[in-house]
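Colleague: Here you go, one structure.
8 protein chains.
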Amino acid sequence: MKIRTRLAAGSLAGLAVLAGAVAATSPAQAAEAHAVRAAVSEPVVQTGTLSADAALKIADAALKEAVKQKQRVSVVIVDRSGATRLVLKGDGAGPQTEESARRKAFTAVSFGRTTSDLGKGINGSGPSIADIPGTLFLGGGVPVASGGAPIAGIGVGGAPSGDIDESIAQAGLKAVAGQLR
Amino acid sequence: MKIRTRLAAGSLAGLAVLAGAVAATSPAQAAEAHAVRAAVSEPVVQTGTLSADAALKIADAALKEAVKQKQRVSVVIVDRSGATRLVLKGDGAGPQTEESARRKAFTAVSFGRTTSDLGKGINGSGPSIADIPGTLFLGGGVPVASGGAPIAGIGVGGAPSGDIDESIAQAGLKAVAGQLR
Amino acid sequence: MKIRTRLAAGSLAGLAVLAGAVAATSPAQAAEAHAVRAAVSEPVVQTGTLSADAALKIADAALKEAVKQKQRVSVVIVDRSGATRLVLKGDGAGPQTEESARRKAFTAVSFGRTTSDLGKGINGSGPSIADIPGTLFLGGGVPVASGGAPIAGIGVGGAPSGDIDESIAQAGLKAVAGQLR
Amino acid sequence: MKIRTRLAAGSLAGLAVLAGAVAATSPAQAAEAHAVRAAVSEPVVQTGTLSADAALKIADAALKEAVKQKQRVSVVIVDRSGATRLVLKGDGAGPQTEESARRKAFTAVSFGRTTSDLGKGINGSGPSIADIPGTLFLGGGVPVASGGAPIAGIGVGGAPSGDIDESIAQAGLKAVAGQLR
Amino acid sequence: MKIRTRLAAGSLAGLAVLAGAVAATSPAQAAEAHAVRAAVSEPVVQTGTLSADAALKIADAALKEAVKQKQRVSVVIVDRSGATRLVLKGDGAGPQTEESARRKAFTAVSFGRTTSDLGKGINGSGPSIADIPGTLFLGGGVPVASGGAPIAGIGVGGAPSGDIDESIAQAGLKAVAGQLR
Amino acid sequence: MKIRTRLAAGSLAGLAVLAGAVAATSPAQAAEAHAVRAAVSEPVVQTGTLSADAALKIADAALKEAVKQKQRVSVVIVDRSGATRLVLKGDGAGPQTEESARRKAFTAVSFGRTTSDLGKGINGSGPSIADIPGTLFLGGGVPVASGGAPIAGIGVGGAPSGDIDESIAQAGLKAVAGQLR
Amino acid sequence: MKIRTRLAAGSLAGLAVLAGAVAATSPAQAAEAHAVRAAVSEPVVQTGTLSADAALKIADAALKEAVKQKQRVSVVIVDRSGATRLVLKGDGAGPQTEESARRKAFTAVSFGRTTSDLGKGINGSGPSIADIPGTLFLGGGVPVASGGAPIAGIGVGGAPSGDIDESIAQAGLKAVAGQLR
Amino acid sequence: MKIRTRLAAGSLAGLAVLAGAVAATSPAQAAEAHAVRAAVSEPVVQTGTLSADAALKIADAALKEAVKQKQRVSVVIVDRSGATRLVLKGDGAGPQTEESARRKAFTAVSFGRTTSDLGKGINGSGPSIADIPGTLFLGGGVPVASGGAPIAGIGVGGAPSGDIDESIAQAGLKAVAGQLR
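In structure tokens, the structure reads:
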């Protein structure tokens with residue numbers, strides 16, 4: 028669980044700091060930010076993207092964890108542009124799970140935090156980031172970070188609680204975490 | 028009402044237990060789960076699907092019940108993949124009923140419970156499964172189960188209350204319930 | 028305002044009674060019902076549809092009322108199948124008004140009541156008919172009834188309050204009300 | 028009212044006559060027309076709609092014919108407004124059949140002729156009615172006429188040729204043809 | 028600026044000249060051009076838009092012409108931004124006519140020429156402007172010009188030939204043509 | 028914050044008055060109105076549109092401000108018809124920012140006020156203008172006015188709070204504000 | 028069970044036999060058919076579905092083949108209901124490959140033949156199955172059969188020719204072919 | 028035409044070679060390929076993306092060229108994931124230009140060649156890459172390459188011929204070409 032630790036404790040300091048700073052800003056959109064790298068002036072910016080191989084490893088590990096926990100889920104991975112990297116519908120997963128997993132993945136990579144964490148700030152009384160198209164703030168979305176910025180989101184849907192969905196997504200992330208810089 | 032009894036009282040033990048277990052988990056997604064069969068290792072999994080004949084019987088019985096109750100409704104049946112099995116717009120049913128019935132059917136087969144039951148857990152204060160695309164938590168959606176898992180959903184829309192819509196859907200289900208294993 | 032009187036006081040007794048009966052049922056979907064005519068057994072049912080001529084008269088009268096009230100609005104009329112009958116974007120009306128007017132019209136013809144009346148039952152705490160796709164419960168949607176059933180909906184959007192939008196829609200309805208049976 | 032008489036007599040001969048007249052006009056859009064009734068001046072026009080009961084009879088008869096011919100098909104019926112009346116996915120029908128059947132039904136009711144007949148005028152060299160959204164000109168779409176005008180379309184998709192699909196749709200139509208006026 | 032002059036003089040002659048010039052360019056996209064006014068440097072550009080009143084006059088005149096010709100059509104008017112100005116579904120018009128009329132209107136205002144004229148350049152052998160989303164090159168689309176540029180498009184759909192549809196659209200245009208500058 | 032002052036204090040007097048008047052009307056739709064110019068009777072209405080050059084200046088200034096504030100955002104400008112004028116995705120901006128910025132721009136030009144101001148009236152308890160498709164009431168949407176009416180909307184999305192997004196949008200507006208009449 | 032045997036033996040010869048039979052019917056839709064099993068009368072039909080594990084094996088093998096052939100592709104697997112089973116975007120695959128692969132997979136499972144084989148019957152002169160929504164007849168789509176019927180489709184997109192895409196899809200199929208019954 | 032030369036003669040040698048090689052493969056999909064870099068095994072792949080600053084420079088230069096050529100066009104830039112980088116609607120550009128420019132940009136970055144070049148292989152007789160959703164093969168789409176692979180596409184729409192659109196897109200590309208590696 029090395030990556031998770033890093034996320035919570037600092038190597039992704041920008042994100043961690045952000046989470047703190049955010050509490051002091053307008054609550055509705057606090058989560059919309061993430062660490063900002065130095066502005067670039069070259070016409071081509073290098074962006075980290077999760078490899079297909081890593082995506083397969085994540086999906087495989089997540090699926091194994093789901094089977095172990097006797098859960099029927101779908102796993103979706105999207106990259107920082109929002110494009111699909113991987114979709115895997117587990118055996119017996121419900122028809123709603125592809126889209127719920129996709130939106131969790133999209134939300135996690137958009138805001139650079141887990142959807143369970145982000146969801147704590149949504150309470151249904153007034154405008155919030157939950158009104159942004161394509162998002163979903165149920166637990167089960169986990170960002171993949173590299174070089175201090177979110178490069179992908181992993182979303183899992185189908186378990187009876189968001190905590191379980193998230194534990195499956197984290198199991199997937201663990202499969203590649205040691206290799207992420 | 029044999030199937031209904033079974034749903035409430037046990038032959039679908041996994042689902043019943045789940046409903047209980049779910050109460051102990053994160054409320055937002057409690058309903059997203061359903062019984063999990065043993066993991067399979069063969070490349071081809073056999074999945075139960077409602078026959079077209081059974082779908083017609085359900086629709087016919089539901090429509091007769093609607094006429095008896097003087098209600099103008101639409102009936103939609105979707106299978107576990109979310110694909111349409113049957114749509115029937117009753118005489119005089121409003122233009123909103125096709126989609127409301129479809130979403131109730133989709134929701135019932137997704138979570139393996141009636142939409143009226145599921146709707147009790149939705150209160151508008153924060154993220155919930157009601158945010159998942161394609162769902163609707165008004166009464167009138169009833170799952171069809173076979174072999175311990177939901178294989179289809181029946182949705183009815185158009186009556187002045189969800190209770191009436193659900194009674195019409197249940198009348199449809201009763202027409203084939205004795206034959207479901 | 029003859030039609031409006033009739034709607035409130037009786038010739039559309041089915042709808043009026045329904046509104047009352049509805050209060051006694053599940054609040055979430057009370058409005059989804061409307062008067063039910065006797066079941067038909069012939070293969071072809073005659074359905075009343077607003078003529079194009081009547082639609083033009085309604086739009087013309089509504090637009091004149093809007094100009095009189097110095098409002099910039101769009102007017103949309105849909106029939107009982109939900110299909111477009113007329114769309115008219117008034118001078119200077121905002122880009123949101125076509126869709127807001129359309130949804131008000133759709134909602135009014137779906138439930139056979141004004142959207143302002145229907146909106147009183149929506150409070151954001153739990154599932155409601157406001158979750159049904161295509162609906163909008165802001166004031167400005169008015170049903171057109173004939174033979175005891177809604178045959179069309181008039182929707183107006185763009186004024187600073189739903190009351191004003193509704194008064195414009197009612198002015199449109201008045202232009203043909205005397206001719207409706 | 029010659030066409031009406033011939034329609035009542037059982038075949039779709041009336042529409043066939045129309046097809047003949049049409050052949051004398053510009054080929055690309057010849058099929059877009061259909062018999063025109065006298066202009067109405069009343070605000071409410073009565074429109075014939077196929078009853079839900081008739082729709083079920085058509086679907087049931089079509090499905091029986093499909094089983095007899097050992098074909099796996101979907102059946103869709105839409106009314107003259109383009110709204111869904113019935114969808115039935117037969118056992119084992121492919122995932123493309125719901126939409127192909129729907130478009131054939133839509134096309135048949137739009138132009139008042141069979142899709143096989145209409146398709147003869149489409150050759151891929153330049154603009155044609157095949158460019159209109161929602162249409163499909165493969166065999167299997169059959170109009171249902173009443174009072175000299177198309178009131179519904181039956182579409183069947185899934186058989187290895189349009190001729191077979193059409194024979195199944197015609198079997199469905201035959202189940203109610205005697206009762207249409 | 029010859030074209031502008033002729034356009035200001037009243038007929039759509041300027042556009043006709045454009046059509047000629049266009050024939051000398053690459054055939055596939057020849058029609059995508061239109062007269063270009065001098066570049067502006069102010070931050071706000073004044074754009075001519077058809078008034079709602081004029082739109083109603085066009086629709087009314089077109090509908091009268093359709094009734095006179097015993098045709099069942101829809102009329103759609105879109106402005107130069109592609110936004111809907113007016114939609115009117117005539118009595119008995121088919122379900123395909125709203126979208127066919129809309130696309131003809133869109134095409135006419137996009138390219139500043141009638142769709143019948145534009146359609147002559149489409150032959151199905153290779154890429155063409157007919158591949159651009161939202162377009163339709165059947166007769167019945169007519170541009171409305173003012174100040175040397177297309178400001179709206181009128182589209183008519185439903186008659187058995189594009190020539191008839193276009194004559195109905197032209198009758199609509201004639202109702203306001205004298206007032207256009 | 029010069030433009031903002033003007034919006035509140037006078038040159039857009041119609042809107043300011045409206046905002047006041049609105050407080051006395053139904054709260055749900057108060058914001059749907061805007062100043063109404065005198066009704067026109069000519070068939071062609073002149074509408075102000077932001078020039079492409081001005082759009083580029085706004086985007087450039089907004090982006091520079093975002094870099095200065097170390098924020099990763101997208102900027103979208105839509106005109107009064109709702110059509111896209113400009114979209115610019117900043118370096119490292121999240122995948123949700125294009126659509127969030129677009130909706131803020133759409134909302135600002137629809138209602139002629141900033142989204143932060145409009146959002147204060149949305150509280151999640153019952154129908155509101157937030158139910159109108161295409162809208163978003165998070166801070167970051169700013170209207171561009173000319174001649175007393177909104178002619179465009181600027182939307183910014185991606186910063187951790189709506190206040191920051193709005194300050195970036197205002198910086199963009201300032202780049203052309205002096206030139207707007 | 029001849030087809031079954033041949034499928035197990037490695038090629039898709041069984042399906043090829045079907046293709047032969049089909050060639051004797053109307054060419055336009057010949058491919059729309061597939062083997063028909065005996066009609067069922069039970070309410071629940073058992074349908075074979077590819078397991079998630081098998082889907083991962085197919086994707087992994089296909090990706091390895093693509094890397095070996097130095098191709099950048101996406102792989103999509105859909106089941107017989109048309110629902111997504113797996114999506115994997117390979118490293119450097121173009122943005123068009125997800126949808127092209129999906130449509131090839133959809134087409135292969137819809138008609139039970141390879142898309143390269145089906146594409147030979149499409150020539151652009153008149154209506155064809157290529158007009159059915161969701162289909163694509165470029166090489167790279169391969170059906171997965173079990174029990175004499177297609178249960179899934181594998182689609183690959185991104186190589187410079189359909190032959191290469193198909194060889195990659197076949198490499199994926201080979202990874203599980205021995206286990207299919 | 029410096030960039031164009033480079034495309035043909037060297038730094039993008041892989042693409043140039045591909046174009047040649049492609050001619051020897053199945054014509055329908057020849058263009059779907061592009062140079063393949065060595066397979067990577069690290070979990071994070073670095074991908075070049077055009078900076079926002081470069082996008083603005085391209086748009087500004089393209090717009091200036093369009094004004095110089097008296098053309099009214101839209102410019103769209105999409106990145107290799109297909110996501111929008113920039114959209115700019117020029118003054119007076121038609122409503123079809125945003126989408127036509129977007130599709131040209133998408134097509135150019137998908138296949139790594141200009142749309143005019145790709146369009147030569149499309150002839151309307153049978154399946155082709157023109158059937159892939161989101162593509163458009165009219166001239167005006169130009170790829171932006173870096174490190175031997177397409178990283179973005181520039182699309183221009185609105186001029187009377189694809190050649191003119193392409194010359195405007197090339198003018199945009201030239202503004203940053205010297206800085207691309």
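Protein chains in written order, with our numbering: chain A, 28 to 208; chain B, 28 to 208; chain C, 28 to 208; chain D, 28 to 208; chain E, 28 to 208; chain F, 28 to 208; chain G, 28 to 208; chain H, 28 to 208.
The beta carbon of each residue, even a glycine, is placed where N, CA and C say it ideally should be.
1) For B:Gly184, which of helix, strand or coil comes out of DSSP?
2) I'd like to know whether the C-beta of A:Val114 is nearer than 8 Å to at least one C-beta of chain G.
3) Check the C-beta distance from E:Val94 over to E:Ala128 and give it rounded, since I have them as a contact under 8 Å.
4) Let me confirm a value: F:Gln197 is counted as buried when at least 16 other C-beta atoms fall within 10 Å, else exposed. Which label applies?
5) What is the C-beta distance between E:Gly109 and F:Ala120, in whole angstroms, given that I count them as a contact (C-beta under 8 Å)?
6) Expressed to the nearest angstrom, what Euclidean distance is found between the alpha-carbon atoms of E:Ile149 and E:Ser155?
7) Tell me where the alpha helix (DSSP H) around B:Ile159 begins and ends.
8) Answer yes or no: does any C-beta atom of chain A fall closer than 8 Å to that of H:Glu126?
9) Are D:Gly167 and D:Arg99 touching if we call contact CB-CB under 8 Å?
10) Under a Cβ-count criterion, where at least 16 other Cβ atoms within 10 Å of its own Cβ denotes burial, should E:Gly205 be classed as buried or exposed?
11) Between C:Leu90 and the rest of its own chain, which residues show a CB-CB distance below 7 Å, the 5 nearest in sequence each way excluded?
12) Quick check on the DSSP output: the beta strand (DSSP E) that includes A:Val72 runs from which residue to which?
13) For B:Glu69, count the other beta carbons within 10 Å of its own beta carbon; 16 or more makes it buried, fewer makes it exposed. Which is it?
14) Would you verify that the beta carbon of D:Pro122 is, or is not, closer than 8 Å to some beta carbon of chain K?
15) Assuming A:Gly75 and A:Gly174 make a contact with CB atoms under 8 Å, what is their CB distance in whole Å?
16) Which residues does DSSP pair with D:Ala179 in a beta bridge?
17) Considering B:Val114, what are the terminal residues of the beta strand (DSSP E) in which it resides?
18) For D:Ser152, does the three-state DSSP call read helix, strand or coil?
19) Could you tell me whether the Cβ of E:Ser143 comes closer than 8 Å to any Cβ of chain C?
20) Hey, would you say G:Ile178 sits closer than 8 Å to G:Asp87, going by beta carbons?
21) On the premise that C:Gly189 lies in contact with C:Leu165, defined as a C-beta separation below 8 Å, what is that separation, rounded to the nearest angstrom?
22) In whole angstroms, what separates the C-alpha of G:Thr124 from that of C:Thr142?
23) For A:Gly151 and A:Asp158, what's the separation of their Cα atoms in angstroms?
24) Which residues, taken in chain order from the region 146-169 of chain D, show a beta carbon closer than 9 Å to some beta carbon of chain G?
25) Could you list the residues in the region 172-184 of chain A with a C-beta less than 7 Å from some C-beta on chain G, going in chain order?
26) Taking CB distances under 8 Å as the criterion, tell me whether A:Asp80 reaches chain B.
27) If we ignore side chains and look at the alpha-carbon of each, how far apart do B:Gly161 and B:Thr134 end up?
28) Could you name the residues that DSSP lists as bridge partners for H:Ser101?
29) Tell me where the alpha helix (DSSP H) around D:Arg130 begins and ends.
30) Report the option in F:Ala132, F:Ala176, F:Gly153 whose CA atom is closest to the CA atom of F:Ala82.
31) If I'm right that B:Val71 touches G:Ser78 with Cβ under 8 Å, what's the distance once you round it to whole angstroms?
32) Under 8 Å, Cβ to Cβ, is there at least one residue of chain B near A:Asp87?
33) In the DSSP assignment, find the alpha helix (DSSP H) that holds H:Gly146 and state where it starts and stops.
34) Tell me which residues of the region 83-111 of chain E have at least one Cβ-Cβ distance to chain C shorter than 8 Å, keeping chain order.
Modeller: By the coordinates alone:
1) Counting from 1 along the second sequence, the entry for residue 184 of chain B is found at position 157. Three-state result, B:Gly184: strand.
2) As a first step, residue 114 of chain A must be located in the first sequence, where it is residue number 87. Interface residue, yes.
3) Against the fifth sequence, residue 94 of chain E aligns to sequence position 67. Against the fifth sequence, residue 128 of chain E aligns to sequence position 101. Not a contact, Cβ separation roughly 16 Å.
4) As a first step, residue 197 of chain F is located in the sixth sequence; it is residue number 170 there, counting from the start. F:Gln197 should be labelled buried.
5) Here residue 109 of chain E refers to the residue found at position 82 of the fifth sequence. Here residue 120 of chain F refers to the residue found at position 93 of the sixth sequence. Between F:Ala120 and E:Gly109 the Cβ distance is about 27 Å, and since that is not below 8 Å, they are no contact.
6) Taking the first residue of the fifth sequence as position 1, residue 149 of chain E is located at position 122. Taking the first residue of the fifth sequence as position 1, residue 155 of chain E is located at position 128. Between E:Ile149 and E:Ser155, the C-alpha separation is close to 7 Å.
7) Mapped onto the second sequence, residue 159 of chain B falls at position 132. Taken as a continuous stretch (DSSP letters only), B:Ile159 belongs to no alpha helix (DSSP H), as it is neither H nor E.
8) Within the eighth sequence, the letter at position 99 stands for residue 126 of chain H. No - not a single Cβ of chain A is within 8 Å of the one on H:Glu126.
9) As a working mapping, residue 167 of chain D is identified with position 140 in the fourth sequence. As a working mapping, residue 99 of chain D is identified with position 72 in the fourth sequence. No, the pair does not count as a contact, with Cβ atoms beyond the cut-off.
10) One-based indexing of the fifth sequence puts residue 205 of chain E at position 178. Per the 10 Å Cβ criterion, exposed.
11) As a working note, residue 90 of chain C is residue 63 in the third sequence. Result list for C:Leu90: Val102, Leu115, Gly117, in chain order.
12) Residue numbering aside, residue 72 of chain A sits at position 45 when the first sequence is read from its first letter. Counting along the chain, the beta strand (DSSP E) containing A:Val72 begins and ends at 71-77.
13) On the second sequence, residue 69 of chain B is found 42 positions in, with the first residue counted as 1. Exposed: under 16 other Cβ atoms inside 10 Å.
14) Of the chains in the structure shown, none is chain K; the protein chains are A, B, C, D, E, F, G and H.
15) Taking the first residue of the first sequence as position 1, residue 75 of chain A is located at position 48. Taking the first residue of the first sequence as position 1, residue 174 of chain A is located at position 147. Right, their Cβ atoms sit about 6 Å apart.
16) In the fourth sequence, residue 179 of chain D corresponds to position 152, counting from 1. D:Asp106, D:Val171, per the DSSP bridge assignment.
17) For this step, residue 114 of chain B is matched to residue 87 along the second sequence. Note, B:Val114: beta strand (DSSP E), 111-116.
18) Your numbering for residue 152 of chain D matches position 125 in the fourth sequence. Note: D:Ser152 maps to coil in three-state DSSP.
19) Walking along the fifth sequence from the start, residue 143 of chain E turns up at place 116. With 8 Å as the cut-off, E:Ser143 does not count as an interface residue toward chain C.
20) The residue given as residue 178 of chain G occupies position 151 in the seventh sequence. The residue given as residue 87 of chain G occupies position 60 in the seventh sequence. The answer is no: Cβ separation not under 8 Å.
21) Sequence index remark: in the third sequence, residue 165 of chain C carries index 138 (1-based). Sequence index remark: in the third sequence, residue 189 of chain C carries index 162 (1-based). With 8 Å as the limit, C:Leu165 and C:Gly189 qualify as a contact, their Cβ atoms being about 5 Å apart.
22) Working through the seventh sequence from its first residue, we reach residue 124 of chain G at position 97. Working through the third sequence from its first residue, we reach residue 142 of chain C at position 115. Going from the Cα of G:Thr124 to the Cα of C:Thr142 covers about 45 Å.
23) The residue you call residue 151 of chain A lines up with position 124 of the first sequence. The residue you call residue 158 of chain A lines up with position 131 of the first sequence. The straight-line gap from Cα to Cα measures roughly 10 Å.
24) Gly146, Lys147, Ile149, Asn150, Gly151, Ser152, Ala157, Thr162, Leu163, Phe164, Leu165, Gly166, Gly167
25) none
26) Here residue 80 of chain A refers to the residue found at position 53 of the first sequence. Cβ-Cβ to chain B under 8 Å: no for A:Asp80.
27) As a working note, residue 161 of chain B is residue 134 in the second sequence. As a working note, residue 134 of chain B is residue 107 in the second sequence. In a straight line, the C-alpha of B:Gly161 is about 7 Å away from that of B:Thr134.
28) Translated into the one-based positions of the eighth sequence, residue 101 of chain H becomes position 74. In the DSSP output, where bridge partners are listed per residue, H:Ser101 has H:Lys116, H:Gly184.
29) Here residue 130 of chain D is taken as the residue at index 103 of the fourth sequence, counted from 1. Run containing D:Arg130: 124-138, per the alpha helix (DSSP H) assignment.
30) As a position in the sixth sequence, residue 82 of chain F is number 55, starting the count at 1. The option with the nearest alpha carbon to F:Ala82 is F:Ala132.
31) In the second sequence, the residue the question calls residue 71 of chain B occupies position 44. In the seventh sequence, the residue the question calls residue 78 of chain G occupies position 51. 7 Å between Cβ atoms; contact.
32) The residue you call residue 87 of chain A lines up with position 60 of the first sequence. False, the Cβ-Cβ gap to chain B never drops below 8 Å.
33) Mapped onto the eighth sequence, residue 146 of chain H falls at position 119. Here the alpha helix (DSSP H) through H:Gly146 covers 142-146.
34) Leu83, Ala86, Asp87, Leu90, Ala110, Thr111
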